[in-house]
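These notes concern the structure reproduced below.
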Amino acid sequence: MSGRRDVLHVGIDLGTSRSSISASNGARHVVESYVGWPVDMVAKKVVKKPILFGREALENRPMLNLHRPLERGLIKEGSEKDEAAVRELLKYLISLSSPSEGQRVHAVVGVPAEALRVSRLHLRAAVKGVADALMIVSEPFAVAYGIDALLHTMIIDIGAGTTDFCVMNGRYPTEDDQRTLTSAGDSIDEQLATLIRNKHADVSFSIHMVREWKEKHSFVGQPDAPVSVMVPVSGRPTQIDITNEMKRACESLLAPVTETMLDLLSRVEPEYQERVRQNIILAGGGSQIPGLGKALEKALADVGGGRVRPITDPIFAGSNGGLAIALDAPAEDWEQLAA
Ligand SMILES: Nc1ncnc2c1ncn2[C@@H]1O[C@H](COP(=O)(O)OP(=O)(O)OP(=O)(O)O)[C@@H](O)[C@H]1O
Ligand SMILES: [Mg+2]
Numbered sequence: 002m003s004g005r006r007d008v009l010h011v012g013i014d015l016g017t018s019r020s021s022i023s024a025s026n027g028a029r030h031v032v033e034s035y036v037g038w039p040v041d042m043v044a045k046k047v048v049k050k051p052i053l054f055g056r057e058a059l060e061n062r063p064m065l066n067l068h069r070p071l072e073r074g075l076i077k078e079g080s081e082k083d084e085a086a087v088r089e090l091l092k093y094l095i096s097l098s099s100p101s102e103g104q105r106v107h108a109v110v111g112v113p114a115e116a117l118r119v120s121r122l123h124l125r126a127a128v129k130g131v132a133d134a135l136m137i138v139s140e141p142f143a144v145a146y147g148i149d150a151l152l153h154t155m156i157i158d159i160g161a162g163t164t165d166f167c168v169m170n171g172r173y174p175t176e177d178d179q180r181t182l183t184s185a186g187d188s189i190d191e192q193l194a195t196l197i198r199n200k201h202a203d204v205s206f207s208i209h210m211v212r213e214w215k216e217k218h219s220f221v222g223q224p225d226a227p228v229s230v231m232v233p234v235s236g237r238p239t240q241i242d243i244t245n246e247m248k249r250a251c252e253s254l255l256a257p258v259t260e261t262m263l264d265l266l267s268r269v270e271p272e273y274q275e276r277v278r279q280n281i282i283l284a285g286g287g288s289q290i291p292g293l294g295k296a297l298e299k300a301l302a303d304v305g306g307g308r309v310r311p312i313t314d315p316i317f318a319g320s321n322g323g324l325a326i327a328l329d330a331p332a333e334d335w336e337q338l339a340a
């Protein structure tokens, strides 16, 4: 591992649904972006901890004030508890990466493309006291940097709260090279829940169950097999078929993602458009939806054809990219944070 020994360099992907950290000491950790505090004295006695994170927080949610503090990729504004939750989450991620005694922490944090200006202040406040130096970058740029896709490429990062686009021209991307949409994983979940409820009025399920069904059975185009899931109907476990609902919910991404992809492509210098079309990379959890790349390639056929491929490591692509930036960045690119 490279980097100065008195400094631990870390790349952090602060996501709506999952946050990951990659550190220069080799540590890699991912945690679902939930933070929960016990609601009262009884809950505290049951969970035996002052604060819970990730899956453990989700599983104990009836006893917790549960926060998912990064809705739409931003720190929810005006909520002190959400700001505290982001700080605790960052602190937790950094503690998982085990900095040694007295080691300074230099953190590159990835946020959605268009959120950069809005969230900078909130993020800086959250990182203060947790890291010693900070660099905020757009998430798709971090992904591009991590896989060395710096020239004539387009990254489409389909997360939970946002889908972030970035065209790489061999230099830091500008605002014109980037776009953010709120059609992403969470909006698929919401639509899927509504579609199922419309068809089966008597079934009961939570949004967490819907998300799990999607992560197991998502697809666009033709399904490999019919999708059926078990749900309680009037308290009795019952199998229901949700193939059409799954298809419609997942395909709701196609129109907005295609439109933005084609719009960004049309703004690339004409002589490079062909190369960018052949180098489109899907990142984020949504990149795992079977058939999505093919459907986008179909849309590209009308403008000369192109190639869309999913990234190989969707969980750590953003944080690995952040770490690569942290290790390469010159001193003047860092913002020093006084404790
Ligand atoms: N196999 C899958 N099929 C469909 N969706 C999936 C799959 N695996 C994960 N997802 C979805 O991907 C999303 C999470 O992706 P990711 O971890 O990239 O998001 P995030 O970084 O937390 O969010 P954001 O970037 O918007 O802040 C969730 O909506 C999750 O349900
Ligand atoms: Mg993300």
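Residue 2 is where the sequence shown starts when you use my numbering, and the numbers rise one by one after that.
C-beta: ideal position from N, C-alpha, C; glycine also.
Keep in mind the model is a prediction, meaning the values are calculated, not measured.
The alpha-carbon separation between Asp83 and His68 amounts to approximately 7 Å. The beta carbon of Asp7 is closer than 7 Å to those of Gln104 and Arg105 in its chain, skipping five residues each way along the sequence. With contacts defined by Cβ atoms closer than 9 Å, Gly111 and Gly322 form a contacting pair. Around the beta carbon of Ala226, fewer than 16 other beta carbons sit within 10 angstroms, so the residue counts as exposed.
Bounds of the beta strand (DSSP E) holding Phe166 are Thr164 to Asn170. Between Gly319 and Ala284, the C-beta spacing is below 9 Å.
Here DSSP, grouped into helix, strand and coil, assigns Gln337 to strand. Cβ-Cβ distances below 6 Å link Glu252 to Val221 in the same chain, with the five nearest sequence neighbours on each side left out; the list follows chain order. Under a 10 Å Cβ-count criterion, Gln179 is classified as buried, with 16 or more other Cβ atoms of the shown protein chains found around its own Cβ. Around the beta carbon of His209, fewer than 16 other beta carbons sit within 10 angstroms, so the residue counts as exposed. Exclusion of the five residues before and after Glu336 leaves Leu135 as the residues of its chain whose Cβ lies within less than 6 Å of its Cβ. Taken from the Cβ of Arg249, every heavy atom of ligand 1 lies 8 Å or farther away. Exclusion of Thr195 from the 8 Å shell around ligand 1 follows from its C-beta lying no nearer than that to any non-hydrogen atom of the ligand. The beta carbon of Lys295 sits no closer than 8 Å to any heavy atom of ligand 1. Within 8 Å of the C-beta of Ala145 there is not a single heavy atom belonging to ligand 1. With 16 or more neighbouring CB atoms inside 10 Å of its own CB, Asn280 falls in the buried class.
Taking all protein chains in view, the Cβ of Tyr173 is surrounded by fewer than 16 other Cβ atoms within 10 Å, so the residue is classified as exposed.
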